[in-house]
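Novice: Residue numbering for the sequence shown follows my numbering, starting at 380 and increasing by one per position.
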Amino acid sequence: MKRVLITGGAGFIGSHVVRLFVNKYPNDAIYNLDLLTYAGNLENLSDVDGATNYHFIKADIVDASAIHALFDTHQFTDVIHLAAESHVDRSITDPLAFVRTNVIGTVNLLNAFRDTWKGNFEGKMFYHISTDEVYGTLGETGLFEETTSYDPNSPYSASKASSDHFVRAYGETYGMPYKITNCSNNYGPNQFPEKLIPLFINNVINNKALPVYGDGKYTRDWLYVIDHAIAIDLVFHKGKLGETYNIGGFNEWQNIELIRVLIKLMDEKLGRPAGESEKLITYVTDRPGHDRRYAIDATKINKELGWKPSVTFEEGLSATINWYLQNEAWMEHVTSGAYQEYYNHQYT
Ligand code: NAD
Ligand code: DAU
């Protein structure tokens, strides 16, 4: 029986990973450790809350003594580390928050894992969830491979790159068994409405301006969040120790093209005349240091582990919009309070 610590399990991707593991592995104990920052929400997991193999722990990964004490008590055999500050725009406003959580928090977890198992790492694993943003930006051609050099451009991606390096360094220095995955942009249910897709869904619903950064021709590679969770399960159980796997959607879109598809679907679902919400598109000042294009080469995980996305973008986007339309209460809860302050600071 494994005792799996999933950090950041109340967040967007983490909640889908926790749900999958709790339901699929009833004989493993799944511990969700989360500080419940603005991005963490236990409502995301109300359906698994009562499961006997599920345990929630409210804690801060920046607090080294609390993390050590939790490892002493629970003797976690495995860690899947998702807890992070995750929004690029916030990292431009407050880089140190990203250093604290993403760098110091990760090192605290690595230390606690190392000190708990003291070299007796047989059957143990530290699995670190990272991003394609560590590779920097691409021109019009090319793809990020696992061997692409790190070249982060935002405080967020610099903090994630640093955490990746620490994980690898602990593997080399202390012999800790680790895996790392670097994934492209996720979308789907439960994503906080600071990220492009849920922000724009919410703004279309409320007839608010859709703030397109710069010329709108920035390109991202989009993956449905449940397909990311499936990939994480596969890497966790079948991936090779000491390896990195890139995960991507084989699904590149320029922002403005994606926004037009989103508006078309939303106008249909809201019963508005076709193209009605296009008038909400508003070009605004660009994000500083904005990476022009990300695109993942996911050949390795496809060839070695047989993973590929299970839904098309059209299916995933439609399911995502439906989820937000059916879960207005969720949106109301997460956008009350501090969200208004963030929104005014970022967009006015
Ligand atoms: P998120 O912001 O939705 O969730 C982050 C979670 O971490 C929240 O539940 C939050 O409460 C928790 N958290 C933050 N600080 C903490 C702390 N100090 N201690 C304990 N918990 C804390 O993020 P997400 O989009 O779900 O991303 C999860 C992970 O996946 C991150 O590591 C991110 O870098 C990575 N990632 C995200 C994407 C994406 O498109 N969203 C793509 C690739 C990789
Ligand atoms: O690539 C993986 C990364 O994807 C993850 O590591 C990050 O955690 C996640 O936030 C995401 O980063 P991006 O910066 O690519 O995502 P975001 O949704 O913030 O922006 C997507 C694109 O849309 C980007 O080119 C900026 C643009 N954008 C975003 C917002 C919020 C706008 O034009 N307007 C906006 O208001």
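Ideal Cβ positions, reconstructed from N, Cα and C, are used throughout, including at glycine. This one's a predicted model, so the numbers in the text were calculated from it and none came from an experiment.
So does G628 have its beta carbon nearer than 8 Å to some heavy atom of ligand 1?
Specialist: Not so, every heavy atom of ligand 1 lies at least 8 Å from the Cβ.
Novice: So, for E693: in the same chain, excluding its five sequence neighbours on each side, which residues have a beta-carbon less than 6 Å away from its beta-carbon?
Specialist: Once the five neighbours on either side are set aside, E693 has no close Cβ partner at all.
Novice: Just tell me which of R599, N586, I385 has its CA closest to the CA of I508.
Specialist: Nearest option by C-alpha distance: I385.
Novice: May I have a chain-ordered list of the alpha helix (DSSP H) segments no shorter than 4 residues that lie completely inside the stretch 495–563?
Specialist: Correct list: 534–553.
Novice: Which same chain residues end up closer than 6 Å to T623 when comparing Cβ atoms and leaving out the 5 residues on each side of it in sequence?
Specialist: Hits under 6 Å: E525, I559.
Novice: Taking contact to mean 3 or more Cβ pairs, one atom from each stretch, closer than 8 Å, check whether the stretch 380–395 and the stretch 455–465 are in contact.
Specialist: Touching, per the Cβ criterion.
Novice: At a threshold of 8 Å, does A330 count as lining ligand 1 (C-beta to nearest heavy atom)?
Specialist: What the structure shows of the chain is the stretch from 380 to 727, and residue 330 is not part of that stretch, so it cannot be assessed.
Novice: Below 8 Å, how does it come out for the stretch 717–727 and the stretch 594–605: are there three or more Cβ pairs, yes or no?
Specialist: Touching, no.
Novice: Scan the stretch 624–671 and note each continuous alpha helix (DSSP H) run of 4 residues or more that stays entirely inside, going in chain order.
Specialist: Correct list: 634–648.
Novice: Flag this pair as yes or no: are the beta carbons of V321 and Q570 separated by less than 9 Å?
Specialist: Residue 321 lies beyond the stretch modelled for the chain, which goes from 380 to 727, so this question has no answer here.
Novice: Could you tell me which residues DSSP pairs with I675 in its beta bridges?
Specialist: Note: I675 sits in a beta bridge opposite F523.
Novice: Return the residue from the list N561, K381, S563, R672 that minimises the CA-CA distance to H453.
Specialist: Among N561, K381, S563, R672, the Cα nearest to that of H453 belongs to K381.
Novice: Does the distance from the C-beta atom of G628 to that of L602 stay below 9 Å?
Specialist: The answer is yes: Cβ separation under 9 Å.
Novice: Got a sec: does ligand 1 put a non-hydrogen atom nearer than 8 Å to the Cβ of F571?
Specialist: Yes, the beta carbon of F571 sits closer than 8 Å to at least one heavy atom of ligand 1.
Novice: Would you say the beta carbon of E512 is closer than 8 Å to some non-hydrogen atom of ligand 2?
Specialist: E512 Cβ: within cutoff of ligand 2.
Novice: Flag V591 as yes when its Cβ comes closer than 8 Å to any non-hydrogen atom of ligand 2, and as no otherwise.
Specialist: Result yes, Cβ under 8 Å from ligand 2.
Novice: Candidates G668, G618, R672, S656: which alpha carbon is nearest E683's?
Specialist: Nearest option by C-alpha distance: G618.
Novice: If I measure Cβ to Cβ from V486 and keep anything under 7 Å in the same chain, skipping five residues before and after, which residues do I get?
Specialist: F545, listed in sequence order.
Novice: I'd like to know whether the C-beta atoms of S538 and V478 end up nearer to each other than 9 Å.
Specialist: Contact: yes.
Novice: Once DSSP output is grouped into helix, strand and coil, what is the label at N565?
Specialist: Of the three classes helix, strand and coil, the one that applies to N565 here is strand, per DSSP.
Novice: Identify every run of the beta strand (DSSP E) within the stretch 416–444, keeping only runs that are complete inside it and at least 3 residues long; order them along the chain.
Specialist: Whole beta strand (DSSP E) segments, 3+ residues: 433–437.
Novice: Starting from P577, trace the alpha helix (DSSP H) both ways and give me its first and last residue.
Specialist: Looking at the DSSP string, the run of the alpha helix (DSSP H) that includes P577 is 575–584.
Novice: Determine, using beta carbons only, whether R599 and E647 come nearer to each other than 9 Å.
Specialist: Against a cut-off of 9 Å, the Cβ pair of E647 and R599 comes out as no contact.
Novice: Kindly indicate which residue of G521, I638, I611, T664 has the alpha-carbon position closest to the one of W686.
Specialist: W686 has its Cα closest to that of I611, out of G521, I638, I611, T664.
Novice: So G554 and G621 are in contact, right, with Cβ under 8 Å, and what is the actual spacing, rounded?
Specialist: Going by Cβ atoms, the distance from G554 to G621 rounds to 10 Å, so no, they are not a contact pair.
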